[in-house]
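One structure is given below, encoded as structure tokens.
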Amino acid sequence: MLRIFRCLRLLLHLVWIAVGTSLLYPVIGKGKRAAFKQRWSHQILKILSVHLETLPTDAPPGSLIVANHISWLDIFAIYALRPVAFISKAEISQWPFAGWLAKKNDTVFLRRGSRGHARIVNAEIDALLNSGMDVALFPEGTTTDGTHLLSFHAALLQPAIETGRPVLPLAISYHDASGNLSLAPSFSGDTTLVQSLIAVLGMRSLTVRLIPAAVLDSTKHNRRELAKVAQAAIAKQRGFHSANNPPEKLPGPQAG
Numbered sequence: 001m002l003r004i005f006r007c008l009r010l011l012l013h014l015v016w017i018a019v020g021t022s023l024l025y026p027v028i029g030k031g032k033r034a035a036f037k038q039r040w041s042h043q044i045l046k047i048l049s050v051h052l053e054t055l056p057t058d059a060p061p062g063s064l065i066v067a068n069h070i071s072w073l074d075i076f077a078i079y080a081l082r083p084v085a086f087i088s089k090a091e092i093s094q095w096p097f098a099g100w101l102a103k104k105n106d107t108v109f110l111r112r113g114s115r116g117h118a119r120i121v122n123a124e125i126d127a128l129l130n131s132g133m134d135v136a137l138f139p140e141g142t143t144t145d146g147t148h149l150l151s152f153h154a155a156l157l158q159p160a161i162e163t164g165r166p167v168l169p170l171a172i173s174y175h176d177a178s179g180n181l182s183l184a185p186s187f188s189g190d191t192t193l194v195q196s197l198i199a200v201l202g203m204r205s206l207t208v209r210l211i212p213a214a215v216l217d218s219t220k221h222n223r224r225e226l227a228k229v230a231q232a233a234i235a236k237q238r239g240f241h242s243a244n245n246p247p248e249k250l251p252g253p254q255a256g
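The numbering used here numbers the first residue of the sequence shown as 1 and each following residue consecutively.
Here it is in structure tokens:
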């Protein structure tokens, strides 16, 4: 019954998001669209009984946010924290509803393996950062179950270097009601989106921790160095001995 109730509330909320996006976005300014996006993301987390915990950061608007990637929930958690423009693989633009919603919310779509398109995307990211909008990406290029990190791809960090904008490493983790690491939200390996959603719907409560590391000065590194420094910063915030080792002790942030 819990799954059914939450699923119905989520569906109704998604209908409201679709209506609001269609009717309000064309007539409201950039700031109000960002506030709307942040509010409906908080509501999605609330419906799913996902509590957001974070720590303060001094990252200014127009930062490039790099985060580890565990779940589809990562997107709403980051939206709830800072209403960003995401960088996403082009295939998502073709997904029913999710693709349409992503297009309406400043998502930049990247065709993998195309150097020419990567240059176009980098120019789009440059413009967003210079306009003062945060841009977020998952440099692992795929999801994990949250027990380790994959190597960070450096190419999409180039816009931060070109614009001189700061980079904010953001460590993401999920925890159950007892504070233990939870794999329920994981959308990796053979787990399907439906299976991940059902697992989240069945959890009595979850906590998503978004732990910012120190802001990185993009002008002091080339993109490969910047990717390694950002990965090391996220590994440290997660308590990993290295990118591939599980945490010995997880940080305990205050509620946000």
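A virtual CB, placed ideally from N, CA and C, is assigned to each residue, including glycine.
Residue nearest to residue 135 within the set 108, 53, 147 is 108 (criterion: CA-CA distance). Listed as beta-bridge partners of residue 136 by DSSP are 65, 86. Fewer than three Cβ pairs drawn from the region 32 to 45 and the region 180 to 196 lie within less than 8 Å of each other, which leaves the two stretches out of contact. With a 10 Å radius around the Cβ and a threshold of 16 neighbouring Cβ atoms, residue 139 comes out buried. For residue 174, DSSP records a beta bridge to 208.
If you compare the alpha carbons of 25, 168, 45 with that of residue 234, the shortest gap goes to 168. Per DSSP, reduced to three states, the secondary structure at residue 42 is helical. For residue 215, no beta strand (DSSP E) segment is defined, and its DSSP state is neither H nor E.
Its chain contains 2, 49, 177 as the residues whose beta carbon lies nearer than 8 Å to that of residue 204, once the 5 sequence neighbours on both sides are disregarded; these appear in chain order.
Under DSSP, residue 169 takes part in a beta bridge, and its partners are 66. The Cβ atoms of residue 174 and residue 202 lie no closer than 8 Å to each other.
In this structure, residue 54 and residue 81 form a Cβ contact; the two beta carbons are roughly 6 Å apart against a cut-off of 8 Å. The C-alpha of residue 17 lies about 34 Å from the C-alpha of residue 154. Per the Cβ contact rule, the region 97 to 105 is not in contact with the region 56 to 65 (fewer than 3 Cβ pairs under 8 Å). Contact check for residue 44 against residue 86 fails: the beta carbons are separated by 8 Å or more. For residue 148, there is no enclosing beta strand (DSSP E), as DSSP marks it with neither H nor E. Per DSSP, the unbroken beta strand (DSSP E) holding residue 53 starts and ends at 50 to 54.
The three-state reading of DSSP puts residue 187 in coil, since its state is none of H, G, I, E or B.
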